[in-house]
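Participant: Per this note's numbering, the sequence shown runs over residues 10 to 88.
Encoded as structure tokens, here's the structure I'll be asking about.
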Amino acid sequence: VEAGGRVVFGATVELEEEGSGEAVTYQIVGEDEADLKQGLVNISSPIARALIGKEEGDVAEVQAPGGTRRYEIVAVRYA
Numbered sequence: 010v011e012a013g014g015r016v017v018f019g020a021t022v023e024l025e026e027e028g029s030g031e032a033v034t035y036q037i038v039g040e041d042e043a044d045l046k047q048g049l050v051n052i053s054s055p056i057a058r059a060l061i062g063k064e065e066g067d068v069a070e071v072q073a074p075g076g077t078r079r080y081e082i083v084a085v086r087y088a
């Protein structure tokens with residue numbers, strides 16, 4: 010799947026949290042494949058919904074239990 014650098018279902022996304030600089034990597038998968046410990050996030054999860062359609066360099070805002078988190082999209086890869 011080539012989506013022109015956009016985040017789509019199945020993409021692996023490298024993120025950097027604004028403020029902390031913490032780097033995380035997630036792959037957007039179906040509900041039955043999701044395993045956060047493995048970096049596999051459900052397509053309907055808040056983080057996936059915030060990322061879908063965005064591109065490298067964009068910032069995604071995610072509503073988390075502890076408040077809003079902002080992540081810069083560092084890289085988008087397609088397996």
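Heads up, the beta-carbon is just placed ideally off N, CA and C, and yes, glycines get one too.
Is the CB-CB distance between LYS46 and ARG15 below 9 Å?
Facilitator: Going by C-beta atoms, LYS46 is not nearer than 9 Å to ARG15.
Participant: Would you give the residue range spanned by the alpha helix (DSSP H) that ALA57 belongs to?
Facilitator: Here the alpha helix (DSSP H) through ALA57 covers 55-60.
Participant: Quick one: residues in its chain with C-beta nearer than 6 Å to the C-beta of VAL61, no 5 flanking neighbours on either side, listed in chain order?
Facilitator: According to the sequence as given, residue 61 is Ile; it is not Val. Excluding positions up to five away in sequence, the list reads VAL16.
Participant: With LEU24 and GLU81 assumed to form a contact (beta carbons below 8 Å), what rounded beta-carbon distance in angstroms separates them?
Facilitator: Yes, they are in contact, since the Cβ atoms of LEU24 and GLU81 sit about 7 Å apart, within 8 Å.
Participant: Given a cut-off of 9 Å on the beta-carbon distance, is the pair VAL22 and ALA88 in contact?
Facilitator: Result no, Cβ atoms of VAL22 and ALA88 do not sit closer than 9 Å.
Participant: State the DSSP-derived secondary structure class of VAL10, mapped to helix, strand or coil.
Facilitator: Note that VAL10 scores 48 on pLDDT, short of 50, meaning its location in the model is unreliable; the coordinates nonetheless yield the value given after this. Correct three-state label for VAL10: coil.
Participant: Evaluate ALA32 with the Cβ neighbour count: other Cβ atoms within 10 Å of its Cβ, from every protein chain shown; 16 or more gives buried, anything less gives exposed.
Facilitator: With fewer than 16 Cβ atoms within 10 Å of its Cβ, ALA32 is classed as exposed.
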